[in-house]
Every structure is written in structure tokens, then in C-alpha cells.
Amino acid sequence: MLILCVTLLNIPLQAQFITGLATEWSDSFSEWVIYTDDENLEGELKMRWQDDWTDWEYRIGEETGRIKLKWKDNPNEWEIRGNNEIITARTLWNNNFREWRISDNSIQVTLKSKYGNVFDEWEITGSKGSLDVYTAWEGDPREWNIDDYMDEDIGLPMKMAIIFIATYHSYPKE
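In the numbering used here, the protein residues as written are 30 to 203.
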């Protein structure tokens, strides 16, 4: 389960779990609402600039971050920044968007489309636990469920990288 550890004056606050993601508007994929297990705490994921699919920002509570294509003309590598961490997401094979290596240089996970060319369900498994990202309704990329059973040492930027890569490659770019 996605855990957000927010620290205020070095006193840890209660952790939150991301449970889903949905478009803000039914006809646009540029703004998203992030749902947590606390009904009073929602986050957002949105484009930084209108019609620029290469630069995004996220916020949940006090935690913020940025997701950006590393090279404007190369969709095979993204950089995710937040909480003083830098996460890199790279395709395992050039222009094959079904499988990604996501790393912060100490932890590395592989994200895969569960059913090959169908991008409705993604998963990671391994020594750090498991995480599944899947559409609420088959064939409709506007709403996603997240089942997170990863170790607690996996931070928000790593999990946002996983969630972003999975959802980004499933919907049309307007």
C-alpha cells in the first residue's frame, strides 16, 4: 500500500495509502485526482503546461513532485523528482512501452503490462513486494485502482513513477 510519510517538525504524521486515480474531467487526460484511504485527503496529477504531455506535477497533502520526459524527443526515459529523490523510468527495450525498469539507484523494480499489448493492467513483483495498477472498467483508462503491497521503504516518488508510467501509456494523447 502506498504510504506517504509527511514530517512536520520531525514528528511523523499518520501514513496514507493511494487507492486509485481518476481523470478530473471525463473528456480529458491532462488532470487527475489521486485517491487515498483517507476520504479527506486527495491529491492531484496534472500537466504543468497546456498540451505538453512531457511535463507533469503531482501533489498529495504537503508532498509534491515533478514527472518529466528526460529528453523531449525520446519517450523511452522519464525522470520523477520528489522528496529529495530522483527516480528514473526507462524502457527495457527501445520503443517497447510494455516493460519498464524503474530505479532510484538503490532500489530497482520492473513494471510490466500484465497482458502484453493490452495496457489495462500493470504489475510489479519481486523482493520489494508487489503493486498492481489496473483500470476500474476494462477498456476505459479514465479510472484506475491500485493494490499496493510494497515494502514501506518504497517512497512516494517511486510509487508515483510506477503509477504514472502505467496510466500514461494507456490513454490517448489529445
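Virtual Cβ for every residue (Gly too), placed ideally from N, Cα, C.
Just so you know, these numbers come straight off a predicted model, no measurement behind them.
Quick one: residues in its chain with C-beta nearer than 6 Å to the C-beta of residue i, no 5 flanking neighbours on either side, listed in chain order?
{"i": "residue 81", "result": "none"}
{"i": "residue 176", "result": "161"}
{"i": "residue 193", "result": "96"}
{"i": "residue 179", "result": "157, 158, 160"}
{"i": "residue 150", "result": "143, 163"}
{"i": "residue 186", "result": "94, 109, 111, 112, 114, 116"}
{"i": "residue 195", "result": "151, 162"}
Give the secondary structure of residue i by DSSP, where H, G and I count as helix, E and B as strand, and everything else as coil.
{"i": "residue 199", "result": "coil"}
{"i": "residue 64", "result": "strand"}
{"i": "residue 185", "result": "helix"}
{"i": "residue 41", "result": "Here residue 41 scores only 36 on pLDDT, less than 50, and its place in the model should not be relied on; the value that follows carries that caveat. Residue state, collapsed to three classes: strand."}
{"i": "residue 31", "result": "Since pLDDT at residue 31 reaches only 39, below the 50 mark, its modelled position is unreliable, and the value read off the structure follows with that caveat. Correct three-state label for residue 31: coil."}
Taking 8 Å as the threshold (C-beta atoms), are residue j and residue i in contact?
{"i": "residue 140", "j": "residue 183", "result": "no"}
{"i": "residue 49", "j": "residue 174", "result": "yes"}
{"i": "residue 61", "j": "residue 75", "result": "yes"}
{"i": "residue 189", "j": "residue 64", "result": "no"}
{"i": "residue 113", "j": "residue 92", "result": "no"}
Excluding the 5 residues flanking residue i on each side, which residues of the same chain have their C-beta closer than 8 Å to its C-beta?
{"i": "residue 137", "result": "130, 131"}
{"i": "residue 83", "result": "97, 98, 101"}
{"i": "residue 172", "result": "49, 50, 51, 52, 164, 165, 166"}
{"i": "residue 152", "result": "140, 141, 143, 159, 160, 161, 162"}
{"i": "residue 128", "result": "120, 121, 122, 139, 140, 141, 142"}
{"i": "residue 85", "result": "74, 75, 76, 77, 95, 96, 97, 193"}
{"i": "residue 145", "result": "127"}
Can you give me the Cβ contacts of residue i inside the same chain, cut-off strictly under 7 Å, excluding the 5 residues immediately before and after it?
{"i": "residue 148", "result": "142, 198, 199"}
Any heavy atom of the ligand PLP closer than 7 Å to the beta-carbon of residue i?
{"i": "residue 70", "result": "Although the ligand PLP was asked about, the structure shown includes no ligands whatsoever."}
Check whether the stretch 102-109 touches the stretch 149-163, taking contact to mean three or more Cβ pairs, one atom from each stretch, closer than 8 Å. no
Which runs of the beta strand (DSSP E) at least 3 residues long sit entirely within the stretch 92-155? Give them in chain order. 92-100, 103-111, 114-120, 128-132, 137-144, 147-153
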